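Residue numbers (our numbering): 266 to 651.
No residue lacks a Cβ here, since even glycine has one placed at the ideal position from N, Cα and C.
Remember, it's a predicted structure, so these values are computed and weren't measured experimentally.
Here's the structure we're looking at; comments come further down.
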Ligand SMILES: [Zn+2]
C-alpha cells in the first residue's frame, strides 16, 4: 500500500501547484496547539511535489481550527506567563529565549546604535522588552491580532505603540522587522514577506525565528502551524520573497532556525522558490519518525510510575496519544516546577520518585543530555529517549 496519496483540492501556498503529496496516516495522530494544549486528530500534512514546501493545506477546516486555538490562547501558561527559557545543551542552565536570540543577532549583524524595530506578532511583549533592555536607544513597535496586551506592551521603555490593523497602514519604515515564532502560522509566507519588504528601509534587516522541523519532528504536530521549516526551506522562502539571505543557522537557539535577510533592490517580480529537496524529504519523513517514537513509548506507559520529561509540544502530544498515562511531568525550568501541566504535577529532576520510568520527550541531541543527567541522579530510574 502506498504511504502517501495525492490530494487535489488545495494548492501549495508557496508556489500554487496542486500536486500535493499527503502523509496518509498523519490524520490519525493527535495534535497539539502551539500553546501546548492537546488537540484532536484530523489534521493534514503535505509536501508540494513542485517546489518541495512542507505544509498543512489552507482549508476552511484548518482556518477554523486555527481561529478557535487563537481565541483560547494562553501564552506560556505552563510558567504563568513568563517567557520560555532556553537551556544550555550540556549544563542545563537556562535564560529567556529572546535575550539569547538578540545577543546572537547582534554578534552576527552590525546594528546601528539608533533605529526602529517592528516585531510582528509580538504576543505579550517578551521580545520587545528584551530588545528594549539589550539594545537601548531604539524605537519599538509591535503588531498583534488583538489589543489584549496593549497596556503591558506600551509600558515597555522605547515602545512607540502596538498596532492591531493592516501592516500596510503602519506609518514609516523600519531598520529591523522581526518575526519570532510567527511565520509558521501564516498562510502564503512568500506573499506575506513581500509585504513586509515594503516596510523595511533599503539597508534594513528581516529577522525570522521558526521551529526547526528537521531537528524536531514533534513540531509537525502543531495544529495551528501551516508551514513546516528547516534551515534550507526557510532560507528558500525568504529568497523567493526578494531578500538576500545573510545568515541561516540552527545554532542560535537549540531546535530552532534563525534567518536574517536584507531586501534586494528592484525585486518586485515573482521569483520561483528554490527549496532544497533533501530538506524537503527529510522534514516530510518526520511523521514516520513520530509513529516510531510512539511505538517505543507505548509499552513504557504501562509501567506503574511513568512520567514524561518536558511540558511542551512533545510531552503534551505523547500524553494525549497514551490516554493521559503520565503520572507526572519533569522539567528543569524553575518557572514551571511546582505548577501543573494537564492537571498533573511538574516536578524537578531531584523530586522524581525512585525507580520511576521516564521518557524524555525531546528531540536529539537534547534528549541524550537530559537522559544522562537523570541517570546520574542515582535513583534507579529507567530513562528512555526517542
Ligand atoms: Zn509548492
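For ligand 1, residues qualifying as neighbours are 277, 279, 280, 282, 313, 315, 316, 318, where qualification means a beta carbon closer than 6 Å to at least one of its heavy atoms (chain order). Between residue 309 and residue 322, the C-beta spacing is below 7 Å. For the pair residue 631 and residue 483, the Cα-to-Cα distance works out to about 13 Å. The closest CA to that of residue 303, considering only 531, 607, 642, is found on 607.
In this structure, the CA atom of residue 392 is about 32 Å from the CA atom of residue 537.
The DSSP-derived three-state label of residue 469 is strand. Counting C-beta atoms within 10 angstroms of its own C-beta, residue 469 has 16 or more neighbours from the protein chains shown and is therefore classed as buried. Residue 383 is a Cβ neighbour of residue 439, given a cutoff of 7 Å.
Taking 4 residues as the shortest admissible run, the segment 601-635 contains no complete alpha helix (DSSP H) segment at all. If you draw a straight line from the Cα of residue 452 to the Cα of residue 567, it comes to about 40 Å. Within its own chain, the residues whose Cβ lies closer than 7 Å to the Cβ of residue 317, once the five positions on either side in sequence are excluded, are 540, 542, 545, listed in chain order. Take residue 444, set aside five residues on each side of it, and the residues of its chain with a beta-carbon closer than 6 Å to its own are 385, 473, in chain order. Distances from the alpha-carbon of residue 332 to those of 491, 576, 560, 504 put 491 closest. The beta carbon of residue 462 sits closer than 6 Å to the beta carbons of 507, 528 from its chain, once the five residues preceding and following it are set aside; these are given in chain order. For residue 475, the number of other beta carbons within 10 angstroms of its own is at least 16, and it is reported as buried.
Inclusion of residue 423 and residue 403 in the CB contact set at 7 Å is warranted, their separation being smaller than that value. By the Cβ-count criterion, residue 464 is buried, with 16 or more other Cβ atoms from all chains shown falling within 10 Å of its own Cβ. Just measuring C-alpha positions, the residue of 573, 449, 405, 602 sitting nearest residue 379 is 405. Restricting attention to alpha helix (DSSP H) runs no shorter than 4 residues, the segment 528-584 encloses them at 542-549, 551-565, ordered along the chain. About 6 Å separates the CB atoms of residue 395 and residue 367; that is less than 8 Å, so the two are in contact.
With fewer than 16 other Cβ atoms from the protein chains shown falling within 10 Å of its own Cβ, residue 411 counts as exposed. For residue 391, there is no enclosing beta strand (DSSP E); the enclosing alpha helix (DSSP H) has its first and last residue at 391-399.
Residue 589 sits in coil when the DSSP states are folded into three classes, being neither helix nor strand. For residue 405, DSSP records a beta bridge to 382, 424. Distance from the CA atom of residue 292 to the CA atom of residue 373, rounded to whole angstroms, is 41 Å.
For residue 510, the enclosing beta strand (DSSP E) starts and ends at 508-514. Restricting attention to 519, 448, 578, the CA atom closest to the CA of residue 498 is found in 448. The beta-carbon distance between residue 294 and residue 555, rounded to whole angstroms, is 7 Å. This is short enough to meet the 8 Å contact definition. When the beta-carbon positions are compared, residue 579 and residue 626 come within less than 7 Å of each other. Between residue 377 and residue 517, the alpha-carbon positions lie close to 21 Å from each other. Comparing alpha carbon positions, the residue from 500, 296, 276, 454 closest to residue 311 is 276.
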